[in-house]
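Heads up: the sequence shown begins at 1 in our numbering, then just goes up one per residue.
Below is one structure, written out as structure tokens, with a few remarks after it.
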Amino acid sequence: MTTLLKVCNGLQPLKGFLQPTLETFTLPNRGKKLLNPYPRKKFPPWFVKQTRVVCKDQHEEDLTKENKEFIRTVIRDKYPLPDIGFGSASPLKLETIEPVTEWKPHYQRVGVIARKIGIVPMWMKDGKKVLTTMFQVADNHVIKYIPPEEYKPMITQKKNPLTRNTGCLIVGADSCDPQLFTKEYCGLFNEAGVMPKRLLARFHVSPEGALQPGTPLFATHYKVGQYIDIRGKTIDRGFQGVMKRWGFHGMPASHGVTKTHRRPGNIGSGGNKARVMPGTKLPGHMGNRYRIVKAQRIIRINTRYNVIWVLGQASAGETNSLVQFYDTFLPLKSCKTLNSPPHFPTYIPRNEDEVLPEELFVDDLHNFNDPTIMYEVEE
1 MTTLLKVCNG
11 LQPLKGFLQP
21 TLETFTLPNR
31 GKKLLNPYPR
41 KKFPPWFVKQ
51 TRVVCKDQHE
61 EDLTKENKEF
71 IRTVIRDKYP
81 LPDIGFGSAS
91 PLKLETIEPV
101 TEWKPHYQRV
111 GVIARKIGIV
121 PMWMKDGKKV
131 LTTMFQVADN
141 HVIKYIPPEE
151 YKPMITQKKN
161 PLTRNTGCLI
171 VGADSCDPQL
181 FTKEYCGLFN
191 EAGVMPKRLL
201 ARFHVSPEGA
211 LQPGTPLFAT
221 HYKVGQYIDI
231 RGKTIDRGFQ
241 GVMKRWGFHG
251 MPASHGVTKT
261 HRRPGNIGSG
271 GNKARVMPGT
281 KLPGHMGNRY
291 RIVKAQRIIR
301 INTRYNVIWV
311 LGQASAGETN
321 SLVQFYDTFL
331 PLKSCKTLNS
341 PPHFPTYIPR
351 NEDEVLPEEL
361 FVDDLHNFND
371 PTIMYEVEE
């Protein structure tokens, strides 16, 4: 018995040693840490899939020559051919949803979608040569109006979000063949009665500035001398260094400089920081971002072809790209400060006798139809 007790007492250390214990440890996350995560795309509820995947060879085999001609005939009968300047017409009545009211400074109008044509020189009356950017209002029509009580642009996490007192007008530009788009996308234009558009854009408008779907928008939506904001997508330059992306001077070309001619140089903060500060200008992707150029002045309008001349290199993006125009938000350049009320809610000819001149010039711009130099006859 004594021997058995000695054996049991000898197993006590082993009992504590073999007892299971709970231990926790943390695995380090060595992935890429983003200061600002990528924004999630939130498509609006009115937008659907636009294009469809069609095998060209299979599509050509299924349609005979008679089928193709029949489809073209149906499209021509349903949609009128677009004009060069004014675009295609809508069979709907051109009446605003709300009664036409007088413009007030706090009212917000709809904008237009224009195609960038290029940059040309112009001359002012004092002989100064200036560069101007040409835009053509490309077959704009109002597609849909969403009132303020139904317009919810995004889901917010605020408990008491601010009530929005502006609605949304969806505008389409550049009519295209319906065969290029999906059936769901073409159904967006049934209410407006126009051909499917290549680009759709939304504009925040006051309820007093709402327009009926199918209403065309012309270049005369604006006046000469008015200031506008232009939103466009910059040219995609790809991955670029700091000299091209940010305009750095670079290192010297000689005198002992080795392999650092186009490098950014020191980027450390030193001290207790010991990190790269947020917002440091470094190499990276350049372009392909939406940018807004504010307070650009309109100096000339062609009412026949819907062309607008804007002073300066006034827009981001390459030639033949689509940009958005809307009234400027800068207070010192607004219509209220200039004491020049715009066409509200848009320019709509009230009668057939109302004809605008083909060319509209600002006061300080030289009209090319006028003589340049006047000579007095000497006696």
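No residue lacks a Cβ here, since even glycine has one placed at the ideal position from N, Cα and C.
When rounded, the separation of the alpha-carbon atoms in S269 and M277 is 7 Å.
Between I119 and A192, the C-beta spacing is not below 8 Å. With a 10 Å radius around the Cβ and a threshold of 16 neighbouring Cβ atoms, W123 comes out exposed. The Cβ atoms of V171 and V110 sit closer than 8 Å to each other. The region 198-209 makes no contact with the region 244-254: fewer than 3 CB pairs, one atom from each, lie closer than 8 Å. Taking 8 Å as the upper bound for CB-CB distance, G287 and T234 are in contact here, some 5 Å apart. In the three-state reduction of the DSSP assignment, T132 falls in the strand class, which pools E and B. G214 counts as buried, since at least 16 other C-beta atoms from the protein chains shown sit within 10 angstroms of its C-beta. Our two residues, L332 and V355, have alpha carbons roughly 32 Å apart in a direct line. The beta carbon of N367 sits closer than 6 Å to those of F361, all from its chain and outside the five residues before and after it, given in chain order. Cβ contact annotation for G209 (same chain, cutoff 7 Å, sequence separation greater than five): Y107, Q108, R109, V110, F344 and P345, in chain order. F181 and V194 have their C-alpha atoms some 14 Å from each other. Counting along the chain, no alpha helix (DSSP H) covers L211, and no H or E run does either. The closest CA to that of N320, considering only I113, R289, W103 and R237, is found on I113. Under a 10 Å Cβ-count criterion, A274 is classified as exposed, with fewer than 16 other Cβ atoms of the shown protein chains found around its own Cβ.
DSSP, reduced to helix, strand and coil, places F329 outside both helices and strands of the structure shown, so it counts as coil. In the displayed model, L356 falls within coil according to three-state DSSP, outside both helix and strand.
R164 and R52 have their C-alpha atoms roughly 35 Å apart.
For the options V74, D139 and Q226, the alpha carbon positioned closest to that of L330 is the one of Q226. The C-beta of T220 has 16 or more other C-beta atoms within 10 Å across all chains shown, which makes the residue buried.
Y290 counts as exposed, since fewer than 16 other beta carbons sit within 10 angstroms of its beta carbon. When secondary structure is reduced to three states using DSSP, G187 falls in the helix class.
The DSSP-derived three-state label of H249 is coil. Here the region 70-77 does not lie against the region 306-315, with fewer than 3 beta-carbon pairs under 8 Å apart. The beta carbon of E184 is closer than 8 Å to those of V48 and K49 in its chain, skipping five residues each way along the sequence.
Under the DSSP assignment, R72 falls in the alpha helix (DSSP H) whose first and last residues are K65 to K78. If you compare the alpha carbons of E102, S340, I298 and V257 with that of V224, the shortest gap goes to I298.
The Cβ neighbour count for T132, taken over all protein chains shown within 10 Å, is at least 16; the residue is labelled buried. Here D174 really is in contact with L199; their C-beta atoms are around 6 Å apart, less than 8 Å.
Separation of Y222 and G167 (C-alpha to C-alpha, rounded to the nearest whole angstrom) is 21 Å. Looking at the backbone, the Cα of D126 and that of I228 are separated by about 24 Å.
Distance from the CA atom of P342 to the CA atom of Q136, rounded to whole angstroms, is 19 Å. The alpha-carbon separation between R231 and K68 amounts to approximately 39 Å. Restricting attention to E378, F325, S340 and E318, the CA atom closest to the CA of D236 is found in E318.
Put simply, the backbone Cα of F189 is about 27 Å away from that of E66. In this structure A295 is in contact with T328, their Cβ atoms being roughly 5 Å apart against a cut-off of 8 Å.
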